[in-house]
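Protein sequence lines correspond, in order, to chains A and B. Sequential numbering from 0 applies to the first sequence in our numbering. Sequential numbering from 13 applies to the second sequence in our numbering. A short write-up of the structure that comes next.
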Amino acid sequence: DTGVSQDPRHKITKRGQNVTFRCDPISEHNRLYWYRQTLGQGPEFLTYFQNEAQLEKSRLLSDRFSAERPKGSFSTLEIQRTEQGDSAMYLCASNRVSINTEAFFGQGTRLTVV
Amino acid sequence: GDSVTQMEGPVTLSEEAFLTINCTYTATGYPSLFWYVQYPGEGLQLLLKATKADDKGSNKGFEATYRKETTSFHLEKGSVQVSDSAVYFCALSDTGANSKLTFGKGITLSVRP
Numbered sequence: 000d001t002g003v004s005q006d007p008r009h010k011i012t013k014r015g016q017n018v019t020f021r022c023d024p025i026s027e028h029n030r031l032y033w034y035r036q037t038l039g040q041g042p043e044f045l046t047y048f049q050n051e052a053q054l055e056k057s058r059l060l061s062d063r064f065s066a067e068r069p070k071g072s073f074s075t076l077e078i079q080r081t082e083q084g085d086s087a088m089y090l091c092a093s094n095r096v097s098i099n100t101e102a103f104f105g106q107g108t109r110l111t112v113v
Numbered sequence: 013g014d015s016v017t018q019m020e021g022p023v024t025l026s027e028e029a030f031l032t033i034n035c036t037y038t039a040t041g042y043p044s045l046f047w048y049v050q051y052p053g054e055g056l057q058l059l060l061k062a063t064k065a066d067d068k069g070s071n072k073g074f075e076a077t078y079r080k081e082t083t084s085f086h087l088e089k090g091s092v093q094v095s096d097s098a099v100y101f102c103a104l105s106d107t108g109a110n111s112k113l114t115f116g117k118g119i120t121l122s123v124r125p
């Protein structure tokens, strides 16, 4: 078990470009969460999946954001037409709903939009 | 909606000093409460948790007690070490440990030798 893995760790992109991040949760975990963290703030919930079903989306998740978890394993978060305000750390977390375990976090993907 | 308020930081202490980091919350129902820690260059890690009123979570010498009457979950440690230097986040989950987390802003603790 290598923990929650996120790729890439850092991404610099030009405004208007599309970016995609990947999260690989701990293998037996059926819930997967995405959070966004800006400088000086705590993480803010974006969305979560149970298996392949996306069960909740925050109002922070604008139409330019889309997340998928097609086979109930890894997940991707895509941001279309990036804006400077999208610059943040994007965190992924996972846990197993059948056992009362805490969420385990990945190290995050730091996005910088220039 | 749910919210978590942490005391303003940063906090700088000398080694072996007593630590208190205040955390209060607003939530409907009966949330679970957590302290997460982020060491430099690492991801968020659960430090301790409490799932019902009057529960005390503890780990690595840190403690926090779930106080429903004051809606608080203050973090304490009797004697901090340089290795405790990190960012500390208070968080709540409104439907138990398997739901989404609402975090406070976090506070940076620096411990000097």
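No residue lacks a Cβ here, since even glycine has one placed at the ideal position from N, Cα and C. Since we're looking at a predicted model, the values are computed, not measured.
Could you please give me the residues that DSSP links to E67/A through a beta bridge?
-> Bridge partners of E67/A: T75/A.
Show which residues of chain B have a CB atom less than 7 Å away from the CB atom of F104/A.
-> What F104/A touches in chain B, judged by beta-carbon distance under 7 Å, is G55, L56, going in chain order.
Completely contained beta strand (DSSP E) runs for the region 13-76 of chain B, where each covers 3 or more residues = Counting only runs of 3 or more residues that sit fully inside the region 13-76 of chain B, the beta strand (DSSP E) segments are 15-18, 23-26, 31-33, 35-38, 44-50, 57-62, 68-71, in chain order.
Taking only beta carbons into account, state which residues of the region 67-95 of chain B come closer than 8 Å to chain A, listed in chain order.
-> Result list empty, no residue passes.
To the nearest angstrom, how far is it from the Cα of T36/B to the Cα of P43/B?
-> If I take the Cα positions, the gap works out to 12 Å.
Using a Cβ cut-off of 8 Å (strictly closer), state whether L121/B contacts chain A.
-> It does not: the Cβ of L121/B has no partner Cβ on chain A nearer than 8 Å.
When DSSP builds the beta bridges, which residues end up paired with N94/A?
-> When beta bridges are read from the DSSP output, N94/A appears opposite R30/A.
Take F115/B as the anchor and find which of E43/A, G84/A, F104/A has the nearest alpha-carbon.
-> Considering only alpha carbons, the answer is E43/A.
Is G15/A close to chain B, meaning its C-beta is less than 8 Å from at least one C-beta of that chain?
-> So no, G15/A is outside the interface.
C-alpha gap between S105/B and R79/B, whole angstroms = About 15 Å.
Out of curiosity, what's the CA-to-CA distance linking S86/A and T37/A?
-> Taking the straight line from one Cα to the other gives about 8 Å.
Helix, strand or coil: which one does DSSP assign to S122/B?
-> S122/B: strand per DSSP, three-state reduction.
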